[in-house]
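Undergrad: Reading the sequence shown from the start, the letters are residues 81 to 220 in the working numbering.
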Amino acid sequence: MHNIFVYGTLKRGYPNFDTGMGGTAFVGAYRTVELYPLVIGGPWLSPNLIDEPGVGHQVTGEIFTATDEAVEFLDHFEMTHIAIGYRRVERSFEALDGDTVTTAWVYVRDRENIDGAIEELTDTYPLDQRYIIPSKRPKT
């Protein structure tokens with residue numbers, strides 16, 4: 081089993097949870113130990129955790145345990161197979177309700193790979209009605 085930290089549309093109650101989080105089990109609410117920028121950008125107005133440790137805020141999200149198959153699905157869903165997609169990296173996280181610190185995989189991007197980063201957030205990705213879910217995107 082793997083720990084996966086999600087901070088955007090894959091959180092419980094968000095648009096991609098039902099599609100993307102099969103084979104996972106909720107562990108708890110966590111935040112990054114280090115500071116990171118969190119931006120909304122790209123053609124679908126997606127949340128992006130920028131891989132710039134020490135800049136930004138402690139980003140809040142949720143940790144889930146995930147099967148190998150769930151991680152493989154998430155790698156594809158987050159487009160880790162293309163250069164401008166997300167990268168899965170291991171980082172440290174602390175529980176919001178205590179002093180537990182753990183490591184988990186998280187999907188990050190490089191700022192230069194995001195077309196039109198339009199909004200820098202603080203520590204939390206709110207449910208954003210501007211986000212374009214995969215089923216509503218133009219077919220290419």
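Every residue, glycine too, gets a C-beta built ideally from N, C-alpha and C.
1. If you check the beta carbons only, do Leu-129 and Val-186 fall under 8 Å apart?
2. From this set, Lys-219, Asp-195, Val-86, which residue's C-alpha is nearest Val-151's C-alpha?
3. Using DSSP's beta-bridge definition, name the partner residues of Thr-99.
4. Can you give me the Cβ contacts of Met-159 inside the same chain, cut-off strictly under 6 Å, excluding the 5 residues immediately before and after it?
5. Can Pro-127 and Leu-118 be called in contact, C-beta distance under 8 Å?
6. Based on Cα-Cα distance, which residue from Gly-103, Pro-123, Gly-102 lies nearest to Pro-214?
TA: In terms of the structure at hand:
1. yes
2. Val-86
3. Beta-bridge pairing links Thr-99 to no other residue.
4. Gly-165
5. yes
6. Pro-123
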